[in-house]
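Note sheet for the following structure.
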Amino acid sequence: MMTEQVAFRGWPHCLRLNNGTVDLVLTTDVGPRVVRYGFEGKDNVLCEVRDEDGITGGDTWHTFGGHRLWHSPEASPRTYQADNAPVPFEEVEGLIRLKPALETATGIQKELDVSLDPTGTGVTLTHRLINQGLWPVRLAAWAITVMAPGGVEVIPQTRVDTGLLPNRCVSLWPYARMDDARVRWGDRFVVLHQDPTAKPPFKLGLTNEAGWAAYFNKHSVFVKRFPFVPGETYPDFGVNCESYTTDFMLEMETLSPLRTLQPGEAMEHVESWQLIPDVSYPDGSEDDLTAVLTDCCHLELPQARL
(Lines of atoms letter the chains of each structure in order from A and count residues from 1; the text may use other names and numbers.)
(Lines give C-alpha, C1' and ligand atoms only; values in the text may rest on other atoms or scores of the structure.)
Protein backbone atom coordinates (compact mmCIF):
# COMPACT_ATOMS: atom_id res chain seq x y z
CA MET A 1 0.00 0.00 0.00
CA MET A 2 1.32 3.41 -0.99
CA THR A 3 0.26 6.50 0.96
CA GLU A 4 0.67 10.08 -0.24
CA GLN A 5 -0.70 13.49 0.71
CA VAL A 6 -2.99 14.99 -1.94
CA ALA A 7 -5.56 17.74 -2.38
CA PHE A 8 -9.07 16.49 -3.09
CA ARG A 9 -12.35 18.34 -3.57
CA GLY A 10 -10.90 21.56 -2.20
CA TRP A 11 -9.34 20.05 0.95
CA PRO A 12 -5.56 20.45 0.71
CA HIS A 13 -4.59 17.86 3.32
CA CYS A 14 -5.93 14.46 2.29
CA LEU A 15 -4.33 11.03 2.36
CA ARG A 16 -4.46 8.81 -0.72
CA LEU A 17 -4.03 5.07 -0.26
CA ASN A 18 -3.27 3.17 -3.46
CA ASN A 19 -2.32 -0.41 -4.34
CA GLY A 20 -2.38 -0.11 -8.13
CA THR A 21 -5.91 -1.49 -8.44
CA VAL A 22 -8.05 0.77 -6.26
CA ASP A 23 -7.44 3.93 -4.31
CA LEU A 24 -8.93 5.57 -1.23
CA VAL A 25 -8.84 9.21 -0.17
CA LEU A 26 -9.22 10.20 3.50
CA THR A 27 -9.73 13.79 4.65
CA THR A 28 -7.67 15.24 7.47
CA ASP A 29 -9.02 18.80 7.11
CA VAL A 30 -12.47 17.73 8.35
CA GLY A 31 -14.24 14.58 9.41
CA PRO A 32 -12.95 12.04 9.47
CA ARG A 33 -14.37 10.97 6.13
CA VAL A 34 -13.37 8.46 3.50
CA VAL A 35 -14.21 10.67 0.52
CA ARG A 36 -13.12 8.41 -2.33
CA TYR A 37 -13.06 4.70 -3.11
CA GLY A 38 -12.82 3.38 -6.64
CA PHE A 39 -10.74 1.69 -9.28
CA GLU A 40 -7.65 3.74 -9.98
CA GLY A 41 -8.46 6.40 -12.57
CA LYS A 42 -12.16 5.48 -12.60
CA ASP A 43 -15.34 6.85 -11.01
CA ASN A 44 -15.69 7.38 -7.28
CA VAL A 45 -18.30 4.93 -5.97
CA LEU A 46 -18.93 7.26 -3.00
CA CYS A 47 -21.18 10.31 -3.14
CA GLU A 48 -19.52 13.70 -3.54
CA VAL A 49 -21.61 16.59 -2.21
CA ARG A 50 -19.92 19.15 -4.40
CA ASP A 51 -21.46 22.29 -2.91
CA GLU A 52 -19.70 21.35 0.35
CA ASP A 53 -16.26 20.94 -1.24
CA GLY A 54 -13.47 22.49 0.78
CA ILE A 55 -15.65 23.61 3.69
CA THR A 56 -13.86 23.79 7.04
CA GLY A 57 -14.69 25.31 10.41
CA GLY A 58 -17.97 26.47 11.87
CA ASP A 59 -20.64 24.82 14.01
CA THR A 60 -22.84 23.46 11.21
CA TRP A 61 -22.76 19.73 10.52
CA HIS A 62 -22.17 18.84 6.85
CA THR A 63 -22.80 15.61 4.99
CA PHE A 64 -19.75 16.00 2.70
CA GLY A 65 -20.48 12.55 1.23
CA GLY A 66 -18.20 9.55 1.64
CA HIS A 67 -17.99 7.36 4.75
CA ARG A 68 -18.34 8.49 8.36
CA LEU A 69 -18.71 7.19 11.91
CA TRP A 70 -21.64 8.14 14.12
CA HIS A 71 -23.07 6.64 17.29
CA SER A 72 -26.65 5.45 17.67
CA PRO A 73 -29.44 6.02 18.67
CA GLU A 74 -29.94 9.11 16.54
CA ALA A 75 -30.89 12.31 18.34
CA SER A 76 -30.39 16.02 17.82
CA PRO A 77 -28.09 17.67 18.79
CA ARG A 78 -26.17 14.58 19.98
CA THR A 79 -25.80 12.98 16.56
CA TYR A 80 -25.12 16.13 14.57
CA GLN A 81 -21.92 17.31 16.24
CA ALA A 82 -19.98 19.41 13.74
CA ASP A 83 -16.82 17.67 12.53
CA ASN A 84 -15.26 20.50 10.55
CA ALA A 85 -11.90 20.68 12.34
CA PRO A 86 -8.53 19.17 11.34
CA VAL A 87 -8.14 15.47 12.11
CA PRO A 88 -4.85 14.20 13.56
CA PHE A 89 -3.69 10.88 12.13
CA GLU A 90 -0.94 8.31 12.48
CA GLU A 91 0.32 5.33 10.52
CA VAL A 92 0.14 2.21 12.65
CA GLU A 93 1.28 -1.19 11.33
CA GLY A 94 0.06 -0.75 7.78
CA LEU A 95 -3.06 1.26 8.53
CA ILE A 96 -4.08 4.89 8.88
CA ARG A 97 -5.64 5.84 12.22
CA LEU A 98 -7.77 8.99 12.14
CA LYS A 99 -8.32 10.57 15.57
CA PRO A 100 -10.65 13.58 15.52
CA ALA A 101 -11.04 15.84 18.52
CA LEU A 102 -13.18 14.68 21.43
CA GLU A 103 -16.89 15.42 21.10
CA THR A 104 -17.11 17.64 24.15
CA ALA A 105 -20.91 17.65 24.17
CA THR A 106 -21.12 13.85 24.37
CA GLY A 107 -17.79 12.84 25.90
CA ILE A 108 -17.30 10.33 23.06
CA GLN A 109 -13.96 10.00 21.29
CA LYS A 110 -14.15 8.58 17.76
CA GLU A 111 -11.34 6.78 15.96
CA LEU A 112 -11.31 5.29 12.47
CA ASP A 113 -8.66 2.81 11.33
CA VAL A 114 -8.43 2.28 7.57
CA SER A 115 -6.26 -0.25 5.74
CA LEU A 116 -6.07 -1.22 2.07
CA ASP A 117 -5.10 -4.74 1.04
CA PRO A 118 -1.73 -5.00 -0.77
CA THR A 119 -3.51 -6.40 -3.84
CA GLY A 120 -7.09 -6.52 -5.03
CA THR A 121 -9.85 -4.22 -3.81
CA GLY A 122 -10.23 -5.12 -0.13
CA VAL A 123 -10.50 -2.42 2.53
CA THR A 124 -10.85 -2.89 6.30
CA LEU A 125 -12.36 -0.17 8.48
CA THR A 126 -12.34 -0.39 12.27
CA HIS A 127 -14.71 2.08 13.92
CA ARG A 128 -13.89 2.80 17.55
CA LEU A 129 -15.88 4.71 20.19
CA ILE A 130 -14.30 5.60 23.55
CA ASN A 131 -16.24 7.01 26.48
CA GLN A 132 -14.09 9.84 27.80
CA GLY A 133 -16.89 11.21 29.96
CA LEU A 134 -17.63 10.85 33.66
CA TRP A 135 -20.68 8.57 33.47
CA PRO A 136 -21.80 5.47 31.54
CA VAL A 137 -23.19 5.93 28.03
CA ARG A 138 -25.34 3.39 26.18
CA LEU A 139 -24.75 3.48 22.44
CA ALA A 140 -23.93 1.56 19.29
CA ALA A 141 -21.30 2.23 16.64
CA TRP A 142 -22.94 3.38 13.42
CA ALA A 143 -20.95 3.19 10.17
CA ILE A 144 -22.49 5.14 7.27
CA THR A 145 -21.37 4.96 3.65
CA VAL A 146 -22.91 7.56 1.34
CA MET A 147 -23.05 6.08 -2.16
CA ALA A 148 -23.01 7.88 -5.51
CA PRO A 149 -26.44 8.33 -7.11
CA GLY A 150 -28.02 6.10 -9.73
CA GLY A 151 -27.39 2.68 -8.20
CA VAL A 152 -29.33 -0.24 -6.75
CA GLU A 153 -28.80 -1.70 -3.27
CA VAL A 154 -29.48 -5.35 -2.47
CA ILE A 155 -29.97 -6.57 1.11
CA PRO A 156 -30.46 -10.30 1.76
CA GLN A 157 -33.42 -11.51 3.79
CA THR A 158 -33.01 -14.08 6.56
CA ARG A 159 -34.14 -17.63 5.74
CA VAL A 160 -34.35 -19.04 9.27
CA ASP A 161 -37.50 -21.10 9.83
CA THR A 162 -38.72 -20.21 13.32
CA GLY A 163 -42.06 -21.97 12.98
CA LEU A 164 -44.80 -19.98 14.66
CA LEU A 165 -42.44 -17.21 15.79
CA PRO A 166 -41.19 -14.20 13.79
CA ASN A 167 -37.75 -14.50 12.22
CA ARG A 168 -36.75 -10.91 11.36
CA CYS A 169 -37.24 -7.24 12.15
CA VAL A 170 -38.11 -4.49 9.70
CA SER A 171 -37.93 -0.89 10.93
CA LEU A 172 -39.52 2.01 9.06
CA TRP A 173 -39.16 5.72 9.71
CA PRO A 174 -42.18 8.07 9.83
CA TYR A 175 -41.47 9.48 6.38
CA ALA A 176 -41.05 6.05 4.73
CA ARG A 177 -43.93 4.83 2.56
CA MET A 178 -44.17 1.06 2.16
CA ASP A 179 -45.49 1.59 -1.38
CA ASP A 180 -42.50 3.75 -2.37
CA ALA A 181 -41.60 2.84 -5.95
CA ARG A 182 -37.88 2.79 -5.08
CA VAL A 183 -38.16 -0.30 -2.85
CA ARG A 184 -38.99 -3.88 -3.80
CA TRP A 185 -39.90 -6.25 -0.99
CA GLY A 186 -38.79 -9.58 -2.43
CA ASP A 187 -38.80 -13.05 -0.93
CA ARG A 188 -35.02 -13.41 -0.79
CA PHE A 189 -33.92 -9.77 -1.04
CA VAL A 190 -34.99 -6.24 -0.31
CA VAL A 191 -33.94 -4.07 -3.26
CA LEU A 192 -33.67 -0.28 -2.96
CA HIS A 193 -33.17 1.93 -6.03
CA GLN A 194 -31.51 5.32 -5.78
CA ASP A 195 -33.56 7.64 -7.98
CA PRO A 196 -32.05 11.10 -8.70
CA THR A 197 -35.55 12.39 -9.55
CA ALA A 198 -37.12 11.33 -6.23
CA LYS A 199 -36.41 13.78 -3.40
CA PRO A 200 -38.76 12.50 -0.64
CA PRO A 201 -36.60 10.57 1.85
CA PHE A 202 -37.01 6.87 2.52
CA LYS A 203 -35.37 4.82 5.25
CA LEU A 204 -35.61 1.20 6.34
CA GLY A 205 -33.80 -1.08 8.77
CA LEU A 206 -33.48 -4.87 8.64
CA THR A 207 -32.10 -7.78 10.57
CA ASN A 208 -29.25 -8.81 8.27
CA GLU A 209 -27.88 -12.13 9.49
CA ALA A 210 -25.90 -12.71 6.29
CA GLY A 211 -23.65 -9.78 7.17
CA TRP A 212 -23.38 -8.15 3.76
CA ALA A 213 -25.09 -5.64 1.48
CA ALA A 214 -24.30 -4.80 -2.16
CA TYR A 215 -24.66 -1.68 -4.30
CA PHE A 216 -24.71 -1.97 -8.09
CA ASN A 217 -23.73 1.18 -9.99
CA LYS A 218 -21.90 2.01 -13.24
CA HIS A 219 -21.03 -1.61 -14.08
CA SER A 220 -19.45 -2.42 -10.73
CA VAL A 221 -20.62 -3.74 -7.37
CA PHE A 222 -19.63 -2.31 -4.00
CA VAL A 223 -19.93 -4.91 -1.21
CA LYS A 224 -19.68 -4.17 2.47
CA ARG A 225 -19.45 -6.95 5.04
CA PHE A 226 -20.11 -6.59 8.75
CA PRO A 227 -20.79 -8.79 11.79
CA PHE A 228 -24.13 -9.89 13.16
CA VAL A 229 -24.16 -11.17 16.75
CA PRO A 230 -27.21 -13.35 17.52
CA GLY A 231 -28.86 -12.64 20.84
CA GLU A 232 -27.48 -9.11 21.18
CA THR A 233 -29.67 -6.01 21.37
CA TYR A 234 -29.46 -3.71 18.36
CA PRO A 235 -30.79 -0.15 17.96
CA ASP A 236 -33.94 0.97 16.15
CA PHE A 237 -36.17 -1.98 17.14
CA GLY A 238 -33.35 -4.51 16.73
CA VAL A 239 -31.78 -3.96 13.30
CA ASN A 240 -28.12 -4.06 12.28
CA CYS A 241 -28.47 -2.87 8.68
CA GLU A 242 -30.17 0.34 7.53
CA SER A 243 -30.51 2.32 4.31
CA TYR A 244 -31.55 5.90 3.63
CA THR A 245 -32.08 7.49 0.25
CA THR A 246 -33.05 10.83 -1.23
CA ASP A 247 -32.45 12.46 -4.60
CA PHE A 248 -28.67 12.87 -4.43
CA MET A 249 -27.46 9.72 -2.67
CA LEU A 250 -28.10 6.43 -0.90
CA GLU A 251 -26.65 5.59 2.50
CA MET A 252 -25.60 2.04 3.39
CA GLU A 253 -25.52 1.89 7.18
CA THR A 254 -24.41 -0.82 9.60
CA LEU A 255 -24.69 -0.91 13.38
CA SER A 256 -23.01 -2.71 16.23
CA PRO A 257 -24.96 -4.11 19.18
CA LEU A 258 -25.88 -1.60 21.86
CA ARG A 259 -23.40 -1.44 24.73
CA THR A 260 -23.10 0.53 27.92
CA LEU A 261 -19.62 2.02 27.95
CA GLN A 262 -18.23 2.85 31.35
CA PRO A 263 -15.88 5.85 31.59
CA GLY A 264 -12.67 4.91 29.79
CA GLU A 265 -14.18 1.92 27.98
CA ALA A 266 -14.10 1.47 24.21
CA MET A 267 -16.02 -0.51 21.61
CA GLU A 268 -15.22 -1.46 18.01
CA HIS A 269 -17.22 -2.21 14.88
CA VAL A 270 -15.45 -3.60 11.81
CA GLU A 271 -16.50 -3.40 8.17
CA SER A 272 -14.75 -4.82 5.12
CA TRP A 273 -15.26 -3.45 1.61
CA GLN A 274 -14.83 -4.97 -1.82
CA LEU A 275 -15.33 -3.60 -5.32
CA ILE A 276 -16.16 -5.98 -8.17
CA PRO A 277 -15.78 -4.77 -11.78
CA ASP A 278 -17.83 -5.48 -14.89
CA VAL A 279 -21.07 -6.46 -13.16
CA SER A 280 -24.47 -4.84 -13.70
CA TYR A 281 -27.74 -5.18 -11.83
CA PRO A 282 -29.94 -7.77 -13.58
CA ASP A 283 -33.42 -6.44 -14.32
CA GLY A 284 -35.09 -9.81 -13.98
CA SER A 285 -36.21 -12.32 -11.40
CA GLU A 286 -34.73 -13.03 -7.99
CA ASP A 287 -33.20 -16.14 -9.58
CA ASP A 288 -31.28 -13.89 -11.99
CA LEU A 289 -30.13 -11.70 -9.11
CA THR A 290 -29.12 -14.76 -7.09
CA ALA A 291 -27.00 -16.00 -9.98
CA VAL A 292 -25.15 -12.68 -10.26
CA LEU A 293 -24.55 -12.44 -6.52
CA THR A 294 -23.22 -15.99 -6.23
CA ASP A 295 -21.41 -16.46 -9.56
CA CYS A 296 -19.99 -12.96 -10.11
CA CYS A 297 -19.78 -11.54 -6.59
CA HIS A 298 -19.13 -14.83 -4.76
CA LEU A 299 -21.48 -13.86 -1.96
CA GLU A 300 -22.91 -16.42 0.42
CA LEU A 301 -26.69 -16.25 0.47
CA PRO A 302 -28.77 -17.08 3.54
CA GLN A 303 -30.00 -20.67 3.42
CA ALA A 304 -33.35 -21.88 4.68
CA ARG A 305 -32.79 -23.64 7.99
CA LEU A 306 -34.64 -24.59 11.14
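The opening position of the sequence shown corresponds to residue 1 in full-length UniProt numbering, with each subsequent residue numbered one higher. C-beta: ideal position from N, C-alpha, C; glycine also. For clarity, every value in this text was computed on a predicted model and none was experimentally measured.
Per DSSP, the continuous beta strand (DSSP E) segment holding D23 begins and ends at 22–27.
In the DSSP assignment, F237 falls within the alpha helix (DSSP H) that extends over 235–238. For R97, the secondary structure class from DSSP, reduced to helix, strand or coil, is strand. Under DSSP, no beta-bridge partner is assigned to M1. CA-CA distance, S72 to P136, rounds to 15 Å. Judged by DSSP secondary structure, D287 falls within the alpha helix (DSSP H) whose first and last residues are 286–291.
Distance from the CA atom of G54 to the CA atom of P166, rounded to whole angstroms, is 48 Å.
For P230, no beta strand (DSSP E) segment is defined, and its DSSP state is neither H nor E.
For G57, no beta strand (DSSP E) encloses it, and the DSSP letter there is neither H nor E.
Pairing P12 with W273, the inter-Cα distance amounts to about 26 Å. DSSP, read as helix, strand or coil, puts C296 in helix. A distance below 8 Å between beta-carbons, with the five flanking residues on each side excluded, links Q81 to the following residues of its chain, in chain order: W61, E103, A105, T106. Take the alpha-carbon of V270 and the one of W173: they are about 26 Å apart. Within the model, the alpha-carbon separation for D161 versus Q303 is close to 10 Å.
Between the segment 241–252 and the segment 186–205 there are three or more C-beta pairs closer than 8 Å, enough to call the two in contact.
Scanning its chain for C-beta atoms nearer than 6 Å, with the 5 sequence neighbours on each side dropped, one finds around G10 the residues D53, G54, in chain order. Every beta strand (DSSP E) of 3 residues or more that sits fully in the segment 103–162 is shown, in chain order, as 108–116, 123–131, 137–147, 152–156.
Secondary structure note for P302: it is in no beta strand (DSSP E), with a DSSP letter that is neither H nor E. Following the DSSP letters along the chain, one finds E251 inside the beta strand (DSSP E) bounded by residues 249–255. Nearest C-alpha to L95 among I108, L116, A75, R78: L116. Shown here, R50 sits in a helix according to DSSP, grouped into three states.
In terms of Cα proximity to L112, the closest of P257, R68, L24 is R68. In the structure shown, E271 falls within a strand segment according to DSSP collapsed to helix, strand and coil. Taking a contact as a CB-CB distance under 8 Å, the pair P156 and N208 counts as one, their CB atoms being some 7 Å apart.
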